[in-house]
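K.L.:
Residue numbers (my numbering): 82 to 454. Have a look at the structure that comes next, please.
Shown next, in the form of structure tokens:
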């Protein structure tokens with residue numbers, strides 16, 4: 082009986098000793114060179130691993146003294162610490178990684194010098210246009226701060242630069258548009274953006290606010306459109322077809338060829354839709370030709386021709402009650418009076434550009450004719 086009690090006592094002592102050995106912990110804090118806590122630092126021992134909290138604190142299990150802890154963080158130099166006592170909390174300081182970069186150049190959105198860009202300029206290139214669908218340039222334009230483009234009805238747009246629509250709430254007013262250096266805004270100050278197809282545009286440069294005064298006084302901004310063209314030595318044919326809800330059908334055929342001296346792009350598109358709301362159908366056919374001829378190293382001629390046949394219906398505004406009853410309804414008067422726009426427009430222009438020792442001059446001539454119904 083005494084032997085059994087002795088064995089029980091020995092086993093209990095051994096179990097207690099092993100348990101006490103297995104439950105040794107040490108705590109501490111990890112900080113940077115400014116004594117600021119480091120979160121998510123990894124501390125690793127031979128038996129366990131811990132991660133610091135938002136205050137930099139950690140608690141980790143150890144099996145014995147004189148072992149080494151490894152502390153690491155993605156933004157700091159790894160460090161090893163040898164544990165000599167369980168009683169005193171640790172304070173571990175990590176040094177940040179220091180990388181010596183070689184000389185590098187900062188890129189800009191345009192190739193113009195800063196002195197030649199006297200204002201805020203927004204750039205929309207192929208990457209920005211391809212981020213969204215091919216229905217309209219509207220989503221890409223609205224990524225530029227201070228610029229707002231809206232679609233009042235299918236085929237009818239508003240364009241505002243820094244609140245330029247406050248006094249002219251309809252259409253595109255007080256903003257000048259140029260296509261390949263050729264004025265696209267008519268003599269009355271109106272710009273028919275609905276004539277241009279999505280695939281016709283390769284790049285947009287938007288000059289905001291008073292900066293547009295370099296193209297004439299009294300405007301709220303300027304938009305420079307560059308037609309889509311092939312790179313030198315490149316030729317391609319592109320066909321695109323799109324279909325969607327509410328009778329949406331779109332077809333586009335584009336051909337481009339370019340060499341060292343000339344560049345030609347021909348584009349045909351057709352788009353039609355029944356619209357989400359009643360009396361909001363739209364149909365547009367567009368044909369355009371853009372050509373650039375390089376006469377000399379410092380001179381070039383650009384020619385632009387566009388024909389557009391556009392028809393769209395105007396559903397009109399509805400009140401809250403009509404919206405709740407049927408959000409697809411149209412204003413009754415719009416249907417009765419057949420509110421719609423039918424435009425047949427022909428636009429032709431040519432420009433001559435000359436550059437010489439930092440000086441550049443663009444001379445352009447253009448004509449437009451619109452049959453309105």
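Note that the Cβ used here is the ideal one computed from N, Cα and C, for glycine as well.
Would you give the residue range spanned by the beta strand (DSSP E) that residue 232 belongs to?
P.N.:
As a first step, residue 232 must be located in the chain shown, where it is residue number 151. Start and end: 228–234.
K.L.:
With distances taken Cα to Cα, identify the nearest neighbour of residue 354 among 339, 392, 384 and 381.
P.N.:
One-based indexing of the chain shown puts residue 354 at position 273. The option with the nearest alpha carbon to residue 354 is 392.
K.L.:
Tell me the start and end of each unbroken beta strand (DSSP E) in the segment 308–394 that is at least 3 residues and wholly inside, in chain order.
P.N.:
316–325, 329–339, 343–354, 363–375 and 380–394
K.L.:
Cα-Cα, which of 361, 446, 289 and 441 is closest to residue 415?
P.N.:
As a working note, residue 415 is residue 334 in the chain shown. With distances taken between CA atoms, residue 415 lies nearest to 361 out of 361, 446, 289 and 441.
K.L.:
Quick check on residue 419: does DSSP put it in helix, strand or coil?
P.N.:
Within the chain shown, numbered from 1, the residue matching residue 419 stands at position 338. Three-state DSSP puts residue 419 in coil, outside helix and strand.
K.L.:
When DSSP labels each residue in this structure, what does residue 402 get in the three-state scheme?
P.N.:
The residue labelled residue 402 in the question sits at position 321 within the chain shown. Looking at residue 402 - three-state DSSP - the assignment turns out to be helix.
K.L.:
Going by Cα to Cα distance, which pick from 172, 364, 285 and 323 is closest to residue 259?
P.N.:
In the chain shown, counting from the first residue as 1, residue 259 sits at position 178. Closest option to residue 259, Cα to Cα, is 285.
K.L.:
Let's test the definition: count the other Cβ atoms within 10 Å of the Cβ of residue 323 and tell me whether it reaches 16, buried, or not, exposed.
P.N.:
Within the chain shown, residue 323 is the residue found at index 242, counting from 1. Classification of residue 323: exposed, given that the 10 Å Cβ count is below 16.
K.L.:
Between which residues of its own chain and residue 109 is the CB-CB distance below 7 Å, once the five residues before and five after are set aside?
P.N.:
Walking along the chain shown from the start, residue 109 turns up at place 28. The residues are 139, 170, 171, 172 and 173.
K.L.:
Which of the three DSSP states is assigned to residue 219 in this structure?
P.N.:
Along the chain shown, read from residue 1 onward, the residue named residue 219 stands at position 138. Three-state result, residue 219: helix.
K.L.:
May I have the straight-line CA-CA distance separating residue 274 from residue 238, to the nearest angstrom?
P.N.:
Here the question's residue 274 lines up with position 193 in the chain shown. Here the question's residue 238 lines up with position 157 in the chain shown. When rounded, the distance between both Cα atoms is 7 Å.
K.L.:
Going by beta-carbon coordinates alone, are residue 350 and residue 434 separated by less than 7 Å?
P.N.:
Taking the chain shown and counting its residues from 1, one reaches residue 350 at position 269. Taking the chain shown and counting its residues from 1, one reaches residue 434 at position 353. Cβ atoms of residue 350 and residue 434: not closer than 7 Å.
K.L.:
Inspect the beta-carbon positions of residue 396 and residue 358 and report whether they are closer than 7 Å.
P.N.:
As a working note, residue 396 is residue 315 in the chain shown. As a working note, residue 358 is residue 277 in the chain shown. Yes, the Cβ-Cβ distance between residue 396 and residue 358 is below 7 Å.
K.L.:
Tell me, please, whether the segment 116–132 touches the segment 151–159 by the rule of three or more beta-carbon pairs shorter than 8 Å.
P.N.:
yes
K.L.:
Can you tell me whether DSSP reads residue 203 as helix, strand or coil?
P.N.:
In the chain shown, counting from the first residue as 1, residue 203 sits at position 122. Residue 203 falls in the strand class under three-state DSSP.
K.L.:
Near residue 428, what residues of its chain come up, given a Cβ to Cβ distance below 6 Å and the 5 sequence neighbours on each side ignored?
P.N.:
Reading the chain shown from its first residue, position 347 is the one you call residue 428. Contacts found: 387 and 449.
K.L.:
Check the C-beta distance from residue 296 over to residue 303 and give it rounded, since I have them as a contact under 8 Å.
P.N.:
On the chain shown, position 215 is the one that residue 296 refers to. On the chain shown, position 222 is the one that residue 303 refers to. About 5 Å; that satisfies the 8 Å criterion.
K.L.:
How many Å lie between residue 162 and residue 150 at the Cα?
P.N.:
Here the question's residue 162 lines up with position 81 in the chain shown. Here the question's residue 150 lines up with position 69 in the chain shown. The straight-line gap from Cα to Cα measures roughly 5 Å.
K.L.:
Which residues share a DSSP beta bridge with residue 81?
P.N.:
Residue 81 cannot be examined here, being either before or after the span of the chain that is shown, 82 to 454.
K.L.:
Run the CB neighbour count on residue 367, radius 10 Å, all protein chains shown included, and call it buried at 16 or more, exposed below.
P.N.:
For the purposes of this step, residue 367 is taken as the residue at position 286 of the chain shown. Counting Cβ neighbours within 10 Å, residue 367 comes out buried, since at least 16 surround it.
K.L.:
Name the DSSP bridge partner or partners of residue 257?
P.N.:
Mapped onto the chain shown, residue 257 falls at position 176. Paired residues: 303.
K.L.:
For residue 389, which residues of its own chain have a beta-carbon under 6 Å away from its beta-carbon, when the five flanking residues on both sides are left out?
P.N.:
As a first step, residue 389 is located in the chain shown; it is residue number 308 there, counting from the start. Only 276, 367 and 426 meet the Cβ criterion.
K.L.:
May I have a chain-ordered list of the beta strand (DSSP E) segments no shorter than 3 residues that lie completely inside the segment 126–183?
P.N.:
DSSP runs (the beta strand (DSSP E)) wholly in the segment 126–183: 130–132, 138–143, 149–154, 157–163 and 171–174.
K.L.:
Quick one: using the 10 Å Cβ neighbour count with 16 as the cut-off for buried, is residue 177 buried or exposed?
P.N.:
The count along the chain shown starts at 1 and reaches residue 177 at position 96. In the assembly as shown, residue 177 is an exposed residue. Its beta-carbon has fewer than 16 other beta-carbons within 10 Å.
K.L.:
Verify whether the separation of the beta carbon atoms of residue 372 and residue 437 is less than 7 Å.
P.N.:
For this step, residue 372 is matched to residue 291 along the chain shown. For this step, residue 437 is matched to residue 356 along the chain shown. Contact: no.
K.L.:
Given that a residue counts as buried once 16 or more other Cβ atoms are within 10 Å of its Cβ, and exposed if not, what is residue 240?
P.N.:
Taking the first residue of the chain shown as 1, we reach residue 240 at position 159. Residue environment analysis places residue 240 among the buried positions, since at least 16 neighbouring C-beta atoms fall within 10 angstroms of its C-beta.
K.L.:
Out of 330, 334 and 338, which one is the CA nearest neighbour of residue 315?
P.N.:
Working through the chain shown from its first residue, we reach residue 315 at position 234. It is 338 whose Cα lies nearest to the Cα of residue 315.
K.L.:
Helix, strand or coil for residue 102 per DSSP?
P.N.:
Numbered from its first residue, the chain shown carries residue 102 at position 21. Note on residue 102: pLDDT 48, under 50, position unreliable in the model; no value is reported.
K.L.:
Indicate whether residue 263 and residue 421 have their beta-carbon atoms separated by less than 7 Å.
P.N.:
Within the chain shown, residue 263 is the residue found at index 182, counting from 1. Within the chain shown, residue 421 is the residue found at index 340, counting from 1. No, Cβ-Cβ distance for residue 263 and residue 421 is not below 7 Å.
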